[in-house]
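As C-alpha cells, the structure follows; a few thoughts come after it.
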Amino acid sequence: MSEFSYVLRDKVMSGPHIRSSVTSLAIMKQVMIALLFPTVAAVYFFGFKVLILIVISILIANLLEMSWHYFRKKSDQSNDLTATITGWLLALTLPVTVPVWILIVGNFLAILFIKELSGGIGYNLFNPAVYARVLLKLFFSDWITNWVSPGTDVVTTATPLETIGYFRTTLPLDFYSWTDLFFGFNLGGPVGETSKAALILAFLYLVFKKIINPWVPLLVIFSCFGTMFLYSGDFRFASAHVLSGALVFAAIFMVTDYTTTPYTDRGKYLFAIGCGVLTAILRIIIDLPGGIGVAILLMNLLTPIINRYTMTRIYGS
Amino acid sequence: MLNLKLRLGGIKLQKNKEETNQLKSVEGDMPPSVLIPLSMHIGKEAKPVVKVGDQVKKGTLLAERDGLISANIHSSISGKVTQLTEIMIGQRQVKAIKIENDYLNQLELLAQEETLEKVIAAAGIVGLGGAGFPTDVKFLGSTCDTLIINAAECEPFLTTDRRVICEYLEEVIAVLNLLRDTYKYQHITLVIEKHQLASLAFIKEPLEQANITLKIVGNHYPQGAEKILIKNVSQQELTLGRIPKDLSICLTNISTIYAIYQAVYKQLPLTERTITVSGDAIAVKKNLRVPIGTSVEWIIEQCGGFSKQPEKVIMGGPMMGRLLPSLSEPILKTTGGITCLSSEESLIPTETSCIKCSECINGCPVGLMPILISKAYREGNLARAQELGALNCIDCGACSYICPSKIDILSDIKQAKSEILKKIEREKK
Ligand code: SF4
Ligand code: SF4
C-alpha cells in the first residue's frame with residue numbers, strides 16, 4: 001500500500017463532504033470592493049478629508065463592536081467585516097463637513113443599538129446604517145445638512161433634491177445639468193451619493209460577482225421613477241428624481257442588504273418596489289430629503305410579513 | 001398566495017468529471033477474497049443457503065431473497081466460503097459471507113426462468129442508482145405508461161452511468177425494447193445532463209430509431225434525484241408519501257438496465273459493477289469493474305494507492321455518499337464509486353453566523369427554506385420544522401454545500417426529520 005494511511009479523524013458525519021469555496025467573509029470583501037467606487041468618486045469631488053472621515057468611521061464601528069463582544073464575553077468572534085461595512089456606508093451618507101462626534105453617535109446607534117442589541121449579525125430588523133442615518137437626520141439635522149459644493153472653497157449649497165422641493169411637478173428653471181447630475185460635478189450632498197456614474201460601476205461589479213440580484217436596485221429605481229411619472233406626467237421631472245438624492249446609492253447598497261430584506265426573490269422584489277414607491281410618496285409630501293431612508297425602515301418593518309406571504313412553494317404541496 | 005410556480009432550484013457545483021469521463025471501464029486484478037453482505041438492498045436481509053467450507057463459483061447463489069422486498073445474493077468470485085460473519089455498514093449491522101478466491105474463475109449461470117420479472121429476481125438485481133430497491137418488484141405487474149431511465153449522474157466525480165451509455169448503448173436499447181414489449185410502456189425517456197450532450201451526440205440517432213426520447217436536463221445539482229427527474233420529464237410532482245407508480249411512472253437507473261441485459265441475455269446474476277474511483281487523493285483515477293464484495297482497500301491499491309494524504313474516503317460521491325470509517329468495507333451492489341479527497345478538497349471551515357443571503361433557499365430543489373428549518377430545529381421547535389416541510393427534504397445537501405457561512409444545514413434537517421418521525425410513531429401508538 002502507499003505511504004499514506006487513512007485515518008478517520010472526526011466522528012462519522014453526514015454529507016455533503018465538500019463545500020463551495022465562497023465564504024461569508026469573501027462576500028463582505030466583495031461589498032467592500034464595490035464601496036471603493038463611490039469612495040474614489042467622493043475623494044475626487046470632496047477631497048482627502050473624505051477618506052479620513054471614512055477611516056475614522058470604520059475604526060469607531062469596529063471599536064464599538066469589539067468592545068461589545070468583549071463586554072458580552074463573545075471575544076472568540078472573529079471579525080466578519082460587517083461592522084466595517086456599516087461604518088463605511090454611514091460615512092458615505094454624510095457630508096464632508098460632518099463633525100467626528102456625529103460619526104461616533106451614528107455608529108453607536110448603528111452598531112450597538114440596532115445590530116448588537118438585536119443579537120448580532122443576521123438578527124437585526126432594521127438596516128443599521130440606514131437607521132443611524134435617519135435618526136441623525138431627525139435629531140442632528142443642523143450638523144449634517146450643511147452641504148458643500150465640491151472644490152476647495154467651502155461653499156454651502158443645497159442638494160439637487162432640495163432645489164426641486166416638495167409638492168412640485170416640474171423642475172425649477174435653473175436646475176442642474178444632466179451630466180452634472182450623472183457624474184456628480186458641482187453637486188452638494190452626502191459624499192458617496194453624488195456620482196451616479198461611480199454607483200453604476202459599483203452596481204455592475206456587485207452583479208457581475210453575483211453578490212446582489214440586479215432586479216432589486218432596478219426595481220427600486222423603476223418604481224420610484226414610475227410613481228413620480230404618474231404624479232407629474234413629466235419625464236424629465238421623474239428622471240431628475242432618480243438622479244437626485246440617495247435613491248441610487250441606497251438602491252444598490254441598502255435595499256440589497258441580506259439581513260433586513262425578505263428571504264425569497266419574490267419577497268425582495270416586493271420590498272424593492274415598496275421602497276421605490278414609498279420614496280416617491282415621501283418626497284412628494286414631505287419637505288425633507290432622506291425619503292429613501294425612511295422608506296427602507298418602513299419596509300424593514302414589513303419584512304417579516306412579506307416573508308410570511310412569500311414562502312417558497314414546497315415540491316409536491 | 002404569491003407562490004404559484006415552484007422553481008426547481010439546484011446549485012452549480014464543481015463536477016470534477018472531466019478526468020474519468022473518457023476513461024473506458026477496466027478490470028482490476030482479482031481480489032484474494034470478497035466479503036459479501038446479505039443486505040445490499042432495501043427490505044429484508046437474504047437467507048444464506050451456503051455454509052462454511054462450501055465450494056462456490058462466480059454466480060453461485062449465496063443467499064436467497066426472504067419475502068417480497070428482498071434480493072438474491074450471489075458469489076462474485078469462485079472459491080471457498082470461509083466465514084459467515086456480521087459487519088457494520090453505516091449504522092447497520094448485516095450478515096456477510098466471506099469467500100476466499102481459488103482463482104479458478106469457474107462460472108455458474110442462472111437457470112432459465114419463464115418471465116422477465118423472474119429472471120431479474122433470480123439475478124438479484126436492485127436499483128444500482130443507490131436506493132437498492134429490488135428491481136423485479138418495481139416492474140412487477142407494471143401498468144405504468146412511462147419509463148424513465150436515469151443517466152443524469154449529477155453527483156460530482158461519478159461517471160459510471162455515463163460509461164454504460166458509451167460502452168453498452170446497444171445492450172441498453174435491447175433491454176429497453178424488451179421492457180417496452182413486456183410492459184407496454186408508451187413513453188421511454190432517457191435522461192442525461194446537458195454538459196454531456198456534446199460528447200454523447202452519437203446516442204441521438206440510435207435512440208431515435210428505437211423510439212426512445214432523449215431528455216436533457218440542466219447541469220444543476222441534484223438533477224438526478226428521483227423527484228426532480230419526474231418533475232422535469234413529466235411536469236408532475238410527487239406529493240409526500242407517494243411513489244412514482246402513483247403517477248404511472250417507472251424510474252430506473254441506466255446501470256440497472258445493463259444489469260438486466262447481463263441477466264437476460266448472458267444469464268449472469270448481478271455480481272460485479274463498474275465504479276468510478278476518483279478524487280484528488282487517489283493516484284490513478286479509474287472506472288473499474290469490480291466483483292461485489294471487494295474491499296475498498298484492494299480497489300485503492302488497484303488505482304495505485306493514494307497520491308496525497310486522504311482526509312475522506314467516501315462510498316459514493318461527495319454530496320450524498322457515506323464517509324467510510326475504514327477501508328475494509330466491501331463494495332455493494334449500490335456503490336457507484338469511491339471518492340478519495342485530500343483535506344484541501346474536503347475541508348469544511350468552521351461555521352459562522354447566517355448572513356441571510358438566501359442561497360440555501362434559492363438552491364433547494366424541492367422549494368424548502370432550509371435555514372428556517374435549521375433554525376427551528378436548533379430552537380427546539382419541531383412543530384415549526386415540520387410545518388416548514390422538513391419531511392420533504394431529499395437530503396441532497398445542496399443547502400449545506402452552498403452556504404457561505406458553512407452552516408451544516410442538512411445535518412440539522414436530518415435530525416429534525418428523524419425526531420419528527422419518532423414523534424409521529426409515538427403518536428400512532
Ligand atoms: S438537503 Fe433538503 S433542504 Fe437542503 S437543499 Fe436538499 S432538499 Fe433542500
Ligand atoms: S445559505 Fe447560509 S448564510 Fe445564506 S441564508 Fe442560508 S444559512 Fe444563511
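Residue numbers (full-length UniProt numbering), protein chains in the order written: chain A, 1 to 317; chain B, 1 to 429.
Positions of the beta carbon are idealized from the N, C-alpha and C atoms, including for glycine.
Sequence-distant Cβ neighbours of A246 (chain A) in its own chain, meaning closer than 6 Å and more than five residues away, are E193 and I292. Scanning its chain for C-beta atoms nearer than 6 Å, with the 5 sequence neighbours on each side dropped, one finds around V119 (chain B) the residues E113, A263 and V264, in chain order. The beta carbon of A71 (chain B) is closer than 7 Å to those of H41, A46, R65, G124, V126 and P134 in its chain, skipping five residues each way along the sequence. C-alpha of I221 (chain A) to C-alpha of R236 (chain A): approximately 14 Å in a straight line. Residues of chain A whose Cβ lies closer than 7 Å to the Cβ of T352 (chain B) are, in chain order, S24 and D80. Taking the Cα positions, G53 (chain B) is about 59 Å away from S353 (chain B). Proximity to ligand 1 was defined by a C-beta distance below 7 Å to any of its heavy atoms, and the residues meeting it, in sequence along the chain, are B:C360, B:G363, B:C364, B:P365, B:V366, B:L368, B:P370, B:I373, B:C393, B:I394, B:D395, B:C396, B:G397, B:A398, B:C399, B:S400, B:I409, B:L410 and B:I413.
Taking 8 Å as the cut-off, the beta carbon of G241 (chain B) is found no closer than this to the beta carbon of S76 (chain B). Set against 7 Å, the gap from the CB of K356 (chain B) to the closest heavy atom of ligand 2 is smaller. Residues L116 of the same chain have their beta carbon placed closer than 7 Å to that of T182 (chain B), with the five preceding and five following residues left out of the count. Contact check for L368 (chain B) against T312 (chain A) passes: the beta carbons are separated by less than 8 Å. Residue-level contact by beta carbon fails for T146 (chain B) and chain A, as no gap is shorter than 8 Å. With a cutoff of 7 Å, I211 (chain A) does not count as near ligand 2, since its C-beta is closer than that to no heavy atom of the ligand. Where S278 (chain B) is concerned, the enclosing beta strand (DSSP E) starts and stops at E272 to S278. Here G141 (chain B) is exposed, its C-beta having fewer than 16 other C-beta atoms within 10 Å. Proximity of chain B to R72 (chain A) at the Cβ level (cut-off 8 Å) is not reached, the minimal Cβ distance being about 14 Å. Rounded to whole angstroms, the separation of the alpha carbons of N232 (chain B) and A110 (chain A) is 47 Å. Residues of chain A whose Cβ lies closer than 9 Å to the Cβ of N392 (chain B) are, in chain order, I314, Y315, G316 and S317. No Cβ-Cβ contact shorter than 8 Å links T160 (chain B) with G397 (chain B). The three-state secondary structure of K215 (chain B), taken from DSSP, is strand. The way I'd put it, the region 129-147 of chain A does touch the region 293-303 of chain A; three or more beta-carbon pairs between them come closer than 8 Å. In the DSSP annotation of this structure, the continuous segment of the alpha helix (DSSP H) that includes M32 (chain A) starts and ends at S24 to F46. In the DSSP annotation of this structure, the continuous segment of the beta strand (DSSP E) that includes C340 (chain B) starts and ends at G337 to S342. Taking each of A:L199, A:W143 and A:K115 in turn and checking the Cα distance to L243 (chain A), the smallest one comes out for A:L199. Residue-level contact by beta carbon holds for Q309 (chain B) and chain A, with a gap shorter than 8 Å. Within chain A, the residues placing a beta-carbon under 7 Å from that of E237 (chain B) are Y315 and G316, ordered along the chain. Taking the beta carbon of V290 (chain B) as reference, no residue of chain A falls within 7 Å; the closest one sits roughly 17 Å away. In this model, T264 (chain A) and I33 (chain A) are separated by some 25 Å (Cα to Cα).
Distance from the Cα of P31 (chain B) is smallest, within the candidate group B:E272, B:V94 and B:V172, for B:E272. Taking 7 Å as the upper bound on Cβ-Cβ separation, chain B lies near residues G120, I121 and G122 of the region 105-122 of chain A. Between S346 (chain B) and H241 (chain A) a beta carbon distance of about 52 Å is seen, past the 8 Å cut, so the two are scored as non-contacting.
Here the distance from the Cβ of P404 (chain B) to the nearest heavy atom of ligand 2 is below 7 Å. Less than 8 Å divides the Cβ of S234 (chain B) from the Cβ of T146 (chain B). Under the three-state reduction of DSSP, S223 (chain A) is assigned to helix. Segment contact: the region 265-280 of chain A against the region 211-226 of chain A, three or more CB-CB distances shorter than 8 Å; contact assigned. Taking a beta-carbon distance threshold of 8 Å, C357 (chain B) counts as an interface residue toward chain A.
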